[in-house]
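Peer 1: Below is the structure I would like to discuss, written out as C-alpha cells.
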Amino acid sequence: VPAVPDQGVWATLFLTPPGSTLRIYDAAPDAPQRRCLALHPFLIKEPVVPLSASFSAPDPEPAWWQAIWNLFMPPRLTPSTMS
168 VPAVPDQGVW ATLFLTPPGS TLRIYDAAPD APQRRCLALH PFLIKEPVVP LSASFSAPDP
228 EPAWWQAIWN LFMPPRLTPS TMS
C-alpha cells in the first residue's frame, strides 16, 4: 500500500547510556513544521555502544556559497609529506 501524504507519524529513538527516549512526531524531520505528539523516556538493561564509523553519514557537500567563497580564499600552505 503506498504512503498517503499527511497520514501517519514519524518516530525517533535515541539510545544513550543514561537512558533512552522514544519520540513520536506528526511529520518527518524534513517537514517545514512538525510537532512532538508523545515523549516516552525509558531505561534499557543492555549496554549502549557508540555507532561504528562505517555507519556514520558522509560529510555534506559544501553549499553553493561556500564553493564560491573558496574560489576567492588564498590557498592554505600545508607541510609536504615528501622526504
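Going by the numbering used here, the sequence shown opens with residue 168, and the numbers climb by one from there. Quick reminder that beta carbons are idealized off the backbone N, C-alpha and C, glycines included.
Measure the C-alpha to C-alpha separation of S187 and L218 and round it to an integer number of angstroms.
Peer 2: Between S187 and L218, the C-alpha separation is close to 15 Å.
Peer 1: What beta strand (DSSP E) runs, 3 residues minimum, are completely inside the region 190-230?
Peer 2: List check, beta strand (DSSP E) in window: 203-209.
Peer 1: By Cβ distance, which residues of its chain are closer than 7 Å to A183, with the 5 residues on each side in sequence left out?
Peer 2: Before going further, note that residue 183 is Thr rather than Ala in the sequence given. The residues are V215.
Peer 1: If we count Cβ pairs, one from each stretch, closer than 8 Å, do we get three or more for the region 191-198 versus the region 175-182?
Peer 2: Flag = yes, the region 191-198 and the region 175-182 touch.
Peer 1: DSSP has W236 in a bridge; who is on the other side?
Peer 2: W236 is not bridged to any residue.
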